[in-house]
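S.K.: Mind having a look at this structure? Questions to follow.
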Amino acid sequence: MNKHASLKWRCRRGMRELDLLLERFLESQYDFLSDADRELFGRFLEEPNERIVDWLLDGVEADEQYAELVEQIQSWDK
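Right under this line is the structure:
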């Protein structure tokens with residue numbers, strides 16, 4: 001499985017709204033990210049679903065390491 005396919009699979013979290021948000025971000029923005037931000041996105045997807053939901057959908061402040069990425073995903077989705 002190539003890197004993109006692996007990331008797409010990892011974007012599937014079992015919650016439709018979150019799945020769509022992450023998969024659309026991957027498909028439309030991932031290629032424009034720096035190598036460091038691509039690595040960060042991969043680590044972000046290792047976080048538990050509850051934390052990702054809190055950060056992206058519930059407005060909870062993200063951990064410092066993910067704050068810019070969360071902001072980027074949220075602003076892109078508007």
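Numbering (the working numbering), first residue to last: 1 to 78.
Glycine included, every Cβ here is placed at the ideal spot set by N, Cα and C.
Here the structure is a predicted model, which is why all the values come from computation and not from measurement.
1. Rounded to whole angstroms, what is the Cα-Cα separation between residue 28 and residue 2?
2. Assuming residue 53 is part of the alpha helix (DSSP H), what are its boundary residues?
3. Compute the distance between the beta-carbons of residue 60 and residue 18, then report whether it is under 8 Å.
4. Among 23, 16 and 50, which has the Cα closest to the Cα of residue 73?
5. Should residue 16 and residue 45 be called a contact, given that it needs their Cβ atoms to be closer than 8 Å?
6. My output table needs one value for residue 70: the three-state DSSP class, helix, strand or coil.
M.R.: The structure says:
1. The sequence position of residue 28 within the sequence shown is 28, counting from 1. The sequence position of residue 2 within the sequence shown is 2, counting from 1. Cα-Cα distance, rounded: 18 Å.
2. Taking the sequence shown and counting its residues from 1, one reaches residue 53 at position 53. Start and end: 49 to 56.
3. Numbered from its first residue, the sequence shown carries residue 60 at position 60. Numbered from its first residue, the sequence shown carries residue 18 at position 18. No, the pair does not count as a contact, with Cβ atoms beyond the cut-off.
4. Your numbering for residue 73 matches position 73 in the sequence shown. If we check each option's Cα against that of residue 73, 23 comes out closest.
5. Start at 1 with the first residue of the sequence shown, and residue 16 comes out as number 16. Start at 1 with the first residue of the sequence shown, and residue 45 comes out as number 45. Cβ atoms of residue 16 and residue 45: not closer than 8 Å.
6. Position 70 of the sequence shown, counted from the start, is the residue given in the question as residue 70. Helix at residue 70.
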